[in-house]
Every structure is written in structure tokens, then in C-alpha cells.
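Shown next, in C-alpha cells, is the structure this report addresses.
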Amino acid sequence: MQKPKSWTKEEISHLYRQPLLDLVFEAAQVHRQYHDSKEVQVCTLQSIKTGGCAEDCGYCSQSVHHQANLERQKLMDVDKVLALAQEAKAGGSTRFCMGAAGRQVRDDEDFEQIVKMVKGVSGLGLEVCCTLGMLEDHQALRLKEAGLHAYNHNLDTGEKHYAKVVSTRTYQDRLDTIETVGKAGISLCCGGILGMGEEEQDRIDLLYTLSHLSHPPESVPINALVPIEGTPMQDLGKVEAFDLLRMIATTRIVFPLSKVRLSAGRESLSEMEQAFCFLAGANSIFSGDKLLTTPGQGQAADLQLFGKLGLSPMKPTGHGH
Numbered sequence: 001m002q003k004p005k006s007w008t009k010e011e012i013s014h015l016y017r018q019p020l021l022d023l024v025f026e027a028a029q030v031h032r033q034y035h036d037s038k039e040v041q042v043c044t045l046q047s048i049k050t051g052g053c054a055e056d057c058g059y060c061s062q063s064v065h066h067q068a069n070l071e072r073q074k075l076m077d078v079d080k081v082l083a084l085a086q087e088a089k090a091g092g093s094t095r096f097c098m099g100a101a102g103r104q105v106r107d108d109e110d111f112e113q114i115v116k117m118v119k120g121v122s123g124l125g126l127e128v129c130c131t132l133g134m135l136e137d138h139q140a141l142r143l144k145e146a147g148l149h150a151y152n153h154n155l156d157t158g159e160k161h162y163a164k165v166v167s168t169r170t171y172q173d174r175l176d177t178i179e180t181v182g183k184a185g186i187s188l189c190c191g192g193i194l195g196m197g198e199e200e201q202d203r204i205d206l207l208y209t210l211s212h213l214s215h216p217p218e219s220v221p222i223n224a225l226v227p228i229e230g231t232p233m234q235d236l237g238k239v240e241a242f243d244l245l246r247m248i249a250t251t252r253i254v255f256p257l258s259k260v261r262l263s264a265g266r267e268s269l270s271e272m273e274q275a276f277c278f279l280a281g282a283n284s285i286f287s288g289d290k291l292l293t294t295p296g297q298g299q300a301a302d303l304q305l306f307g308k309l310g311l312s313p314m315k316p317t318g319h320g321h
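Number 246 in UniProt numbering belongs to position 246 of the sequence shown; there are no gaps in the numbering.
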């Protein structure tokens, strides 16, 4: 992907802090310059291995360090995953994202099964994305050869705030895996989460770091925290829709060529609030009743909303085999 303009923190800060309607107007213009404003990519996010993660991310129900009411599930069978992918495709999804809880990818039987899943899902004509934790060079190459289109590895927040979110890994650990993904020629999916107690500056820092990666993200997911009982962030308040809109609009301007994905927390937005996010440059969503372990918005409701707004699901880009 073409490298975006080299933004300074001051420029991003100026963008982010301008009057909201001016920001949305500018973002809508940028969006229309580089994308078909009537198309939205529809993705499905499927947990293929749930719970038992050694990391202590404060927002996540899958950590062994927290007391969330979550049923652990071992890695799904390949056939089950392929059936779910086929179902997602029939429902209008063009990208199928598989998430496996865990700190890092290990060279074991589970990894061999995941490679088979990637091959199988790609064979259905879907773009395949995985989020599996930290990754080594040889593992990234195996996944690429199997047909992996994208790898998700979020930075979550700005570097200064990161230690308040997770203590079991460093920001540099994240950046190292992101570099590994880029070197293997895999598209990067990388974004963050709003509402984890961060300041505005942390959001600006996140966008600055993302904009200076050696391999710019092909898609930038913007999540609003969904507080889960039993996690350290269970009592944090709901993210204001205006804050989410401001972040989406700023992201669109900073990343004119990338897909901006309206991700977790979307189900709590009204249809009007979602419409403003699409206007401001969001052109990708996760559709389905569940996003890993948090609630999502069902595909039928999404298609109904698309009909009201004159939107249509983005056509596949031909990355499946």
C-alpha cells in the first residue's frame, strides 16, 4: 500500500481538535476522493479459540488474570470453521477474520490446523484475516503462502497509556510483530480502542504512530470499549458517539487510502450515529451477532440500515483463491 503523508503530531492534533462538523465535512471530502462512498466492506469476525490467554489486557474477557464469565473453548475443527465462513459469505461478508486467544503463535498442531483453515477459507473466495498474537517471521511466511490476506494486531492506544492497559507485553512487542507482518507481504489491520481511560492526546499519539509505520495499515479498526463484567475496565463509562465520530473522521483524513473499520461498540450506536460515521469515512464493518466475545449487530439489521442509507456491501477484491 502507498505510504501516506508524513503527519506531525501537531497536524493530527489540529485536525482532531477542530470543530466537529468542519472535521466531518473534510473527512467526507477525502473519503469521496479515494473511495466509493456508497460501498461498505462487510467482514465477519469469528473466535476459533476462546479464553485461557496469558496476557492481562484490561478490556478483555479472555484473560486468565480476570474473572469474566467466559467459557473456554479449544481450537475449532477446520470443517466447522469452513462451514461458518461459507455462512458468512452467504450473508454478504467478503472478509473472514479468525481470532485465537493467546499471547503468541506456537509451532504446534494448532498452528498447522490454522494454516489449513486459512487455505480453506481463501479457497471459498473470501479475504482471510487472522489475529493470533505475536508472530515470528517463518510463521508469517507460512500464513502468507496459505493465502492469508491480512493480519490484525492492534496497538490499542498511544504508547504512554499502553502500560495502563496491559502489563504482560510492551508496545515494542506489538511494533515488532507489525514489522514481521509487513516484511512477509501480508496486509496490516491495525487500530485502537477508545474509552480505556485515555486522554485525547493518547488518541492522537496512536494515529501518529500508525501513520509512521514502515508498512501502513490497509485497514484501521476503531473500537469503542465494551465494558465486560469481571475485567478491570468493567466500570468505565460508555464512549460518547461524538468522540467515536471525531476519531473516525480524523483517521479517514490521516489514512485516505485505508479502510476505516467501525468495529466493537457499533451495536450501541443509533442508526443516525452510524450514518454519521459512514459519512465521516468509515467504510468497513464487522457484521454478525458476536465479535469474538462481545455483542455485535446482526447481518439482517446491517442490510436493512444499508438500504435506508443507499449503501451496498463492497465487492470482493479478489484476494481469495
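Each residue gets a CB set at the ideal place from its N, CA and C atoms; glycine is no exception.
Since the structure is predicted, the reported quantities are computational estimates derived from the model, not experimental observations.
Residues in its own chain within less than 8 angstroms of Ile48 by CB, not counting five upstream and five downstream? Same-chain partners within the cutoff: Leu75, Met76, Val81, Met98, Gly99, Ala100, Ile114 and Met117.
With distances taken Cα to Cα, identify the nearest neighbour of Gln234 among Leu175, Ala241 and Val226. Val226
Of the residues Leu305, Thr231, Gly123 and Gly265, which one's Cα is nearest the Cα of Ile222? Gly265
Best match in Tyr151, Ala249, Leu124 and Cys277 for proximity to Gly185 [C-alpha to C-alpha]: Tyr151
How should Glu199 be labelled, buried or exposed, when 16 other C-beta atoms within 10 angstroms of its C-beta is the threshold for buried? Glu199 counts as exposed, since fewer than 16 other C-beta atoms from the protein chains shown sit within 10 angstroms of its C-beta.
Reference Ala280; option with closest CA among Lys9, Gln33 and Lys5: Gln33
Using the Cβ count rule (16 or more neighbours within 10 Å means buried), how would you classify Glu229? exposed
Neighbour-count burial assignment, Arg142, 16 or more Cβ in a 10 Å radius: So Arg142 ends up on the buried side.
Reduced DSSP category for Arg261 - H, G, I as helix; E, B as strand; rest coil: Assigned with DSSP and collapsed to three states, Arg261 falls in strand.
For Ala146, is the classification buried or exposed, using 16 other Cβ atoms within 10 angstroms of its Cβ as the cut-off for buried? Ala146 is buried by the Cβ-count criterion.
Can you check whether the C-beta of Leu45 is within less than 8 angstroms of a C-beta belonging to chain B? Absent from the structure: chain B. Only one protein chain is present.
Thr250 classed as buried or exposed, judged by whether at least 16 other C-beta atoms fall within 10 angstroms: buried
Let's see if you can read the secondary structure: which residues bound the beta strand (DSSP E) around Gly185? Element bounds for Gly185: n/a, residue is neither H nor E.
Terminal residues of the continuous beta strand (DSSP E) containing Ala39? Per the sequence shown, the amino acid found at residue 39 is Glu instead of Ala. Taken as a continuous stretch (DSSP letters only), the beta strand (DSSP E) holding Glu39 covers Glu39 to Lys49.
Own chain, CB closer than 6 angstroms to Gly91, minus 5 neighbours either side, in chain order: Closer than 6 angstroms at the Cβ level, and outside the excluded window around Gly91, lie Gln299.
Count the other CB atoms, across all protein chains shown, that sit within 10 Å of the CB of Gln274; report buried if there are 16 or more and exposed otherwise. buried
Measuring alpha carbon to alpha carbon, tell me which residue in Ser219, Thr177 and Met247 is nearest residue 365. With the chain covering 1 to 321 only, the question about residue 365 has no answer from this structure.
Element boundaries [alpha helix (DSSP H), containing Thr251]: Ala241 to Val254
Rounded to whole angstroms, what is the Cα-Cα separation between His138 and Lys144? 10 angstroms
Residue from Asp205, His212 and Leu236 whose Cα sits closest to the Cα of residue 323: Absent from the structure is residue 323, since the part of the chain shown begins at 1 and ends at 321.
I'd like to know whether the C-beta atoms of Leu194 and Ala163 end up nearer to each other than 8 angstroms. Not closer than 8 angstroms, so no.
Identify, in the order they occur along the chain, each residue of the same chain with its Cβ nearer than 8 angstroms to the Cβ of Glu159, setting aside the five sequence neighbours on each side. Excluding sequence neighbours, Glu159 sits near Tyr171, Asp205 and Thr209.
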